[in-house]
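Notes to accompany the following structure.
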Amino acid sequence: MSQWVIKGLRTGIKSTRYPRTIETAPGMSPGLPVATRMSPDMAQMMVTRCPTSALEPAQAGVDVNLRRCIHCFRCARGTDSPMEWERERDFECAGVTPNSNDHDRRFGPAFSRSIHILVVDAGDCGACLNEVKQLNNPYYNMHRLGFFLTPTPRHADLLLVVGALTEHMRLPLRKAYDAMPTPKRVVAVGACALSGGIFGRSFMCAGGVGDFLPVDVEVPGNPPPPLAILHGLLVAAGRKPPALLYRRAEDSTEAPG
Amino acid sequence: MPPELLRVLEEAKARWTGKVRPSLNGGDAAACHLECETSELPAICNWLFAERECSFGGLIVEQGTPWQLRYVFYGQDSGWTHVVTYLHAGEERVPSVSRLIYAADWHEREAEDLFGLEFEGHPRLGDFVLHNDVWQEGVAPMRKGFDGSRPVTNREPDLNWKPRRIVEEAGAFGMPVGPVHSAAIAPVYFQLETVGEDVIRAQPRLFYAYRGLEKIAEGRQADDALLIAERISGTSAFAHSLGLCQGVEGLCQVEVPERASWLRVFLAEFERLRHHVAAIAGICESTGLAVSAAQAAILEEELLRISGSLTGHRYLFGMNVFGGLATDLDDAVCRRAAVQIAQVSDKLAVLQGMLSTSSSFLDRLEDVGKVSVSNARDFGLVGPIARASGLSRDLRKVAPYCGYDRVEFEVPQESEGDGYARLRLFFREAEQSARIISEIVQRIPAGRFRTPETALRPGAALGWVEAPGGAALHWIRLGEGGVVERYRIVTPSFANWHGFRLAAENFAFQDFPIILASFALSVHENDR
């Protein structure tokens, strides 16, 4: 069995140094559309290309609601004047909801380096879940930051939910949440958990978990790459500042194009 | 057209004179259609399955006037055969086929649940796609009149519903597992029944992640159905979007440019490689051999990053469009990716070598979770799981698409049908995929990456693809203006979940997670 020990040592350290330094390896993240100033006609054309209404027309141009973006790239491809996409530090995009200000939902200092997470898949396509799984691979290794998956809600501080919330998962999700001791927080991961994504609202899907559970932190993406989820966890732990999920064209520094 | 297909037609004509109206489709989607009386349905299906040794592909139900039921079969040499029957007006009863072809069991249960059709003589109907503790009987969401866009408010669920116990011996007990699991695991519930050490019955209860994709696709534009197809199973997104694209392209007679076809093969094999590496990582993890699990996970992440830098998305979302690809890939970038993929493949070979000499690892896999070839056939298993049991059916060979007939590759096969055979098969298929990639990357021709204009026309067609998990069928019916009227998705995981209990039963509790990992099943792909 010594071959495994040697193999492990030879492989060396693969883990990213994030959050100490920013990760820049290629292929890390699909990027995000950038709210841009543009003429009303152009803005209207962009908005009609978006299948999930993530792009919204505004006075100054196109606003972007990251909760809805599913990375279909329709605003970036097959058009002469594509939307700009953010590629650097783009994964630091998790935002907070008003719930997270509640006093009894805040983690005290004892939690800062030890947060136990219960993962519940409330009906996604498997991509978000797979990205959550990657958090334990050597590249991301969330243990080094004090995040641990726990098998039982009784030991969980944080509920990580992926998926659009199907009718069938309502009861299991409710039971899991209720069984968690306080203080507890909820991190919703992926466009489906935030807004329903492409599944939307239907006879089976609730269009996200926000109406069903008090969500504290929202991680946009379809799926969000592992670093984005990690950023979301750090935001929940109070170790990283949150980002804005709704981005306005009028705040954009770009000149109208 | 395969000559065997003509023989199917002739024989059907001779055997059921006057009762079958046979017809042939030519072209790429060569298929034999046998339209028959409902009463003849089981006999004809059984003839195809048992005598002609065709595989059962899937059941496609369409509500129209009249109702149409389509049982799709495919054979090693004969390609596609569709057995089609129309119900008489007002009638909603069909003789069950699954008493003769067990592979059709879950298809009929699903149709019973979602369409409210009655399958006469079906052994077990009831709680399946729609859970009885959430819905009352009589809700049939796939019917045309049902409004799928809003929640159903009048609920009368059976709150006392309990999973059915099968083992009734003294001292028997059931161990519930799921649907919320101890790690990042998809929602599925297992009722593991035992009288001691061994799992005697392992019934999975699925469809917690049922998102009603077939229903919500209806009434939307075909383009949007493509986004839904990608999200059937995120880890097989490219394969499923390719399946739908091929259906629509066949229907609308869209010529896909050479370049796009080759790039599609490139990406499809890339996805297969990544899927299999993830499956290997899962098996390593289930046995508790931590270093090997970490090594395989490193390779999976490397492949995800290559996807990300090649196409912009780690799971290849947004690449397929009708008539080709959404964006062109630079040849130099493809070649660079192919070199990186070859490096991953080399590391995979090293990993395989190390695993094959780790006796404590092999002890957990060898002779564990066995599926015989006859069981694999009866249950209609597909893909790597079937091939590990010696049942070799691969749509890339049986009904080549995308120019797979111009690519040289072998379809690996094992015979033992145990956990180790499945692991070896994942390794061998991954190696084949890497080989295909390095071969074709040199041959990708210049030209367009998509046809400029795709005019959608009304009608229905079958698209198929050998997804990483096995055969997947996409039946698409478009109406005027490119609106989806029916989208039926038959996924490999649906077939393999059906047969999973074959492997899990009569093995010890501690083997259960390993057997589960060795099947590499996708809950999301099954549930849709």
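Going down the list, the protein sequences come from chains A and B.
Here the working numbering is used: the first sequence runs in plain steps of one and ends on residue 257.
Here the working numbering is used: the second sequence runs in plain steps of one and ends on residue 1528.
Each residue gets a CB set at the ideal place from its N, CA and C atoms; glycine is no exception.
- For PHE203(A), the residues of chain B that pass the 8 Å Cβ criterion are PRO1141, PHE1146, ASP1147, GLY1148, SER1149, ARG1150, PRO1151, VAL1152, GLY1212 and LYS1215, in the order they occur in the chain.
- Interface with chain A (8 Å Cβ-Cβ cutoff): MET1175(B) is excluded.
- A contact between stretches requires three or more CB pairs, one per stretch, nearer than 8 Å, and the segment 1505–1521 of chain B fails this requirement with the segment 1477–1488 of chain B.
- LYS14(A) belongs to the set of residues whose beta carbon lies under 8 Å from a beta carbon in chain B.
- Here ALA43(A) carries a helix assignment [DSSP, helix/strand/coil].
- DSSP places ARG1015(B) within a helical segment (H, G or I) once states are collapsed to three.
- Setting aside the 5 residues that flank it on each side, ARG1272(B) is surrounded in the same chain by SER1433 and PRO1468, each with a C-beta closer than 6 Å to its C-beta; the list follows chain order.
- In this structure, ILE117(A) lies near ALA156(A), with their beta-carbon atoms less than 8 Å apart.
- Per DSSP, reduced to three states, the secondary structure at ARG1406(B) is helical.
- With contacts defined by Cβ atoms closer than 8 Å, CYS128(A) and VAL162(A) form a contacting pair.
- Contacts with chain B (Cβ-Cβ distance below 9 Å) from the segment 70–84 of chain A involve ILE70, HIS71, CYS72, PHE73, ARG74, ALA76, ARG77 and GLY78, listed in chain order.
- Secondary structure at GLN1510(B): helix, using DSSP grouped into helix, strand and coil.
- Rounded to the nearest angstrom, the gap between the Cα atoms of ALA228(A) and THR16(A) is 13 Å.
- The shortest CA-to-CA distance from GLU1120(B) to any of VAL1134(B), GLU1091(B), GLY1282(B) and ASP1147(B) is the one to GLU1091(B).
- Assignment of beta-bridge partners to LEU1462(B) by DSSP yields TRP1475(B).
- For THR1017(B), there are no C-beta contacts with chain A under 9 Å, since the nearest C-beta of that chain is about 46 Å from it.
- One alpha carbon belongs to CYS1032(B), the other to ALA1089(B), and they sit about 26 Å apart.
- Relative to ILE1437(B), the option among LEU1267(B), THR1454(B) and PHE1322(B) whose CA is nearest is LEU1267(B).
- Contact residues of the segment 197–227 of chain A toward chain B are GLY197, ILE198, PHE199, GLY200, ARG201, SER202, PHE203, MET204, CYS205, ALA206, ASN222, PRO223, PRO225 and PRO226 (C-beta to C-beta distance below 9 Å).
- Looking from the CA of GLU1035(B), the closest CA among ASP1127(B), PHE1049(B) and LEU1009(B) belongs to LEU1009(B).
- Rounded to whole angstroms, the separation of the alpha carbons of SER2(A) and LYS184(A) is 43 Å.
- At a beta-carbon threshold of 9 Å, none of the residues of chain B lie near ALA193(A); the nearest stands roughly 13 Å away.
- With fewer than 16 other beta carbons inside 10 angstroms of its own, HIS103(A) counts as exposed.
- Of all residues in the segment 136–156 of chain A, the ones placed with a Cβ closer than 9 Å to any Cβ belonging to chain B are ASN136, ASN137, PRO138, TYR139, TYR140, LEU149, THR150, PRO151, THR152 and PRO153, in chain order.
- A Cβ-Cβ distance of about 20 Å is found for the pair PRO225(A) and MET83(A), leaving them out of contact under the 8 Å criterion.
- Those residues of the segment 1385–1397 of chain B placed with their C-beta closer than 7 Å to a C-beta in chain A do not exist.
- Nearest to GLU1193(B) by C-alpha distance, out of HIS1524(B), ALA1520(B), PHE1512(B) and SER1518(B), is PHE1512(B).
- For GLY1499(B), the enclosing alpha helix (DSSP H) begins and ends at 1492–1504.
- If you draw a 10 Å sphere on the C-beta of ASP216(A), you find 16 or more other C-beta atoms in it, and that means buried.
- A distance of 8 Å or more separates the beta carbons of CYS93(A) and LEU135(A).
- Our two residues, ARG1264(B) and CYS75(A), have alpha carbons roughly 22 Å apart in a direct line.
- With contacts defined by Cβ atoms closer than 8 Å, LEU1251(B) and ARG1457(B) form a contacting pair.
- For GLU1302(B), the enclosing alpha helix (DSSP H) stretches over residues 1290–1311.
- No Cβ of chain B is located within less than 8 Å of the beta carbon of LEU66(A).
- GLY8(A) has a beta carbon lying within less than 8 Å of a beta carbon in chain B.
- With a cutoff of 8 Å on beta-carbon distance, TRP85(A) and VAL34(A) are scored as near each other.
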